[in-house]
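Novice: After the structure tokens below, expect a handful of questions from me.
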Amino acid sequence: MDMYDRIQRQPARRQHITPGAAVLAAFGFLVAATCVGMLVYAARYQLRYRRFINDFSASLAASNKMSLRMTWQDEDVPITTDQASRLCRRITTAGAGKVQKDVPDGDECQLVFGDGASLTMWQVDIPEKNAANPTGTFIRYADADGRIYQYDTDQLLFTEIAAILALP
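Encoded structure:
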């Protein structure tokens, strides 16, 4: 008698996925995909903002070597690199705002940097109920290559910009 004679071969059991397990797996996949999507969106948003700040800082550095011009209500207004540096710091501390697609109407303040980039700012009403201030600033930056970053923020009042830039 062989040692394997006592063991009888059993037919293989088929493993079935129950409907409850399939629903649970699909729900788990959906939750995981949603989480990954939200992380990618948040990372993309922050990367765009960081690229804007880096490009803005580079334009400011280029203005030290080249030129810097500012217009307010269609008139050229003198500006120093110190004022532009303080504005850059204030925009940076205000943080990323809400990205917008449309540019507002009204008086604008525009800085044109020596590298061809421009920064345009408007005073706007902030419609969100939970905004820190009812008015804020719409900021539009176009770099020398034509990339545009524009957003509004309630963390930076236009009166602060006017004070930094000594607007009339």
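To get the numbering used here, take the position in the sequence shown, counting from 1, and add 143.
Ideal placement from N, C-alpha and C gives every residue a C-beta, glycine not left out.
Count the other CB atoms within 10 Å of the CB of C252; is the residue buried (16 or more) or exposed (fewer)?
Specialist: So C252 ends up on the buried side.
Novice: Using the three-state DSSP reduction, which class does R290 fall into: helix, strand or coil?
Specialist: Coil, per DSSP.
Novice: Is it right to say L299 is buried, meaning 16 or more other beta carbons lie within 10 angstroms of its own, or is it exposed?
Specialist: Classification for L299: buried.
Novice: Tell me which residues share the same chain as G257 and place their Cβ nearer than 6 Å to its Cβ, disregarding the 5 neighbours each side in the sequence.
Specialist: For G257, where only same-chain residues beyond five positions count, the Cβ hits under 6 Å are A205, S206, M209 and S210.
Novice: For R233, which three-state DSSP category applies?
Specialist: In the structure shown, R233 sits in a helix (DSSP, three-state: H, G or I).
Novice: For the alpha helix (DSSP H) that A306 lies in, which residues bound it at each end?
Specialist: Looking at the DSSP string, the run of the alpha helix (DSSP H) that includes A306 is F301 to L308.
Novice: Which residue from D286, I291 and D295 puts its Cα closest to that of I269?
Specialist: If we check each option's Cα against that of I269, D295 comes out closest.
Novice: Given that a residue counts as buried once 16 or more other Cβ atoms are within 10 Å of its Cβ, and exposed if not, what is G180?
Specialist: The residue in question, G180, is exposed, as its Cβ has fewer than 16 Cβ neighbours within 10 Å.
Novice: If we count Cβ pairs, one from each stretch, closer than 8 Å, do we get three or more for the stretch 300–311 versus the stretch 223–234?
Specialist: A contact exists between the stretch 300–311 and the stretch 223–234.
Novice: Quickly, what does DSSP pair C252 with across the bridge? List them, please.
Specialist: DSSP lists W215 and M264 as partners of C252.
Novice: Answer with yes or no whether the minimum CB distance from I282 to chain D is below 8 Å.
Specialist: Reference to chain D is not applicable here, since this structure consists of a single protein chain.
Novice: Give the DSSP-derived three-state secondary structure of I282 in the structure shown.
Specialist: Three-state result, I282: strand.
Novice: Under the three-state reduction of DSSP, which class applies to T224: helix, strand or coil?
Specialist: T224: helix per DSSP, three-state reduction.
Novice: Skipping 5 residues on each side, what residues in its chain have a beta carbon closer than 6 Å to that of G249?
Specialist: Taken in chain order, the residues that qualify are W265.
Novice: With DSSP as the reference, please indicate the residues paired to K272 in a beta bridge.
Specialist: Note: K272 sits in no beta bridge, so no partner.
Novice: Can you check which of these residues, R212, V255, R187 and A165, is closest to A239 by C-alpha distance?
Specialist: If we check each option's Cα against that of A239, R187 comes out closest.
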